[in-house]
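The block underneath contains the structure these notes are about, expressed in structure tokens.
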Amino acid sequence: MGLKMTAPKSATRSVDTNLDDISRITPLALRTSIRRGDHTGTTTGFSSGYLQGNLAILPADYADEFLQFCSKNPKSCPLIGMSEPGSPHIPELGIDLDIRTDLAGYRVFRGSAEYTSVTDVSDVWRDDLVTFVLGCSFSFEAAITRGGVRLRHMDANRNVPMYVTNIATTPAGRFHGPLVVSMRSFAPGDAIRAILYSDRYRLAHGAPVHIGDPSQIGIADIMKPDFGDEPVINEGDIPVFWACGVTPQMAIRNVLPDFAITHEPGLMLVTDVLAEAAEFSLQTKPEVYQS
Numbered sequence: 001m002g003l004k005m006t007a008p009k010s011a012t013r014s015v016d017t018n019l020d021d022i023s024r025i026t027p028l029a030l031r032t033s034i035r036r037g038d039h040t041g042t043t044t045g046f047s048s049g050y051l052q053g054n055l056a057i058l059p060a061d062y063a064d065e066f067l068q069f070c071s072k073n074p075k076s077c078p079l080i081g082m083s084e085p086g087s088p089h090i091p092e093l094g095i096d097l098d099i100r101t102d103l104a105g106y107r108v109f110r111g112s113a114e115y116t117s118v119t120d121v122s123d124v125w126r127d128d129l130v131t132f133v134l135g136c137s138f139s140f141e142a143a144i145t146r147g148g149v150r151l152r153h154m155d156a157n158r159n160v161p162m163y164v165t166n167i168a169t170t171p172a173g174r175f176h177g178p179l180v181v182s183m184r185s186f187a188p189g190d191a192i193r194a195i196l197y198s199d200r201y202r203l204a205h206g207a208p209v210h211i212g213d214p215s216q217i218g219i220a221d222i223m224k225p226d227f228g229d230e231p232v233i234n235e236g237d238i239p240v241f242w243a244c245g246v247t248p249q250m251a252i253r254n255v256l257p258d259f260a261i262t263h264e265p266g267l268m269l270v271t272d273v274l275a276e277a278a279e280f281s282l283q284t285k286p287e288v289y290q291s
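In the numbering used here, the protein residues as written are 1 to 291.
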């Protein structure tokens, strides 16, 4: 399958999805639904208040360098979990959690920038694979909506739009590449509130990296995202850009390991960790979280 730069059509929620109902689904119930193949779309708006994560799975030979990449780029790659080689489990993120089955979509890379999209990676799992789970901005969306600020992509039943920028990440070994950002647009007053709410969630990218003119960060056409769905931007809105956990996918494409797995953008791992308490409930390990 050739290189694709947009999320699959299934990443958009059904138009009859009730936002209140999906926000109350427990992470366990959602993961179970994903394993059964009942839920195939984006996880934005689901399991309100729980930490969601991006996925990067690499052979052990690349793990140390990728760990350094995360340490040097904490804004785009806030590490919330890391597995032992060969293990599909990260108990601190969910006792029953199985990395091979609990995301609605994966991208499997085999030594090139091209990838295959699958919904289960059990058949291609290897004993040398190390899983990295990186915090996702979906985790702070509940705080924004609780504060009375509407999120336009959620109201429109869409995945969040994501863009490759001209901002370079800090290289680590073989890993390097541009920063990817997600965008949410707001009326000016709501933009300020959204920035303040998100700043409290450092393991979910924290405060935005850019506000306003998208051309200043290399985005030529804000209506044509590189990943996700077309944005909803109302007259007078201000676009606000957050660092995005799709960033490692760009770095992995530059390295071209013989094998790698990532998530489909917008189809996240939903954990049992409460986003509000994540920095305190996740035990910090020097070899995982620090360079």
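Think of the CB as a built atom: it goes at the ideal place given N, C-alpha and C, for glycine as much as any other residue. Only a predicted model underlies this, so the values are computations on that prediction, with no experimental measurement involved.
Thr170 is classed as exposed because its beta carbon has fewer than 16 other beta carbons within 10 Å across all chains shown. In the three-state DSSP reduction, Phe109 falls in the strand class (E or B). A direct Cα-to-Cα measurement between Phe46 and Arg24 gives close to 7 Å. The region 46-119 contains, as complete alpha helix (DSSP H) runs of 4+ residues, the segments 60-72 (chain order). Of Asp258, Ala172, Gly212, the smallest CA-CA separation from Asp237 is found for Gly212.
By the C-beta criterion, the region 142-155 is judged not to be in contact with the region 95-104, since fewer than 3 inter-stretch pairs fall below 8 Å.
Per DSSP, Gly236 lies in no alpha helix (DSSP H) segment and is marked neither H nor E. Rounded to the nearest whole angstrom, the C-alpha separation of Val121 and Leu129 is 12 Å. Within a 10 Å sphere around the beta-carbon of Gln249 sit 16 or more other beta-carbons, which makes this residue buried.
With contact defined as three or more Cβ pairs closer than 8 Å, the region 43-62 and the region 109-120 are not in contact. Val270 has Gln52 as its beta-bridge partners, per DSSP. The beta carbons of Gly111 and Leu274 sit no closer together than 8 Å. Taking a cut-off of 8 Å for Cβ pairs, the region 255-270 and the region 184-196 do not touch, as fewer than three such pairs fall below it. Between the region 194-209 and the region 139-147, the count of C-beta pairs closer than 8 Å reaches three or more; the two stretches touch.
Annotation for Ser182: the continuous beta strand (DSSP E) segment containing it runs 178-186.
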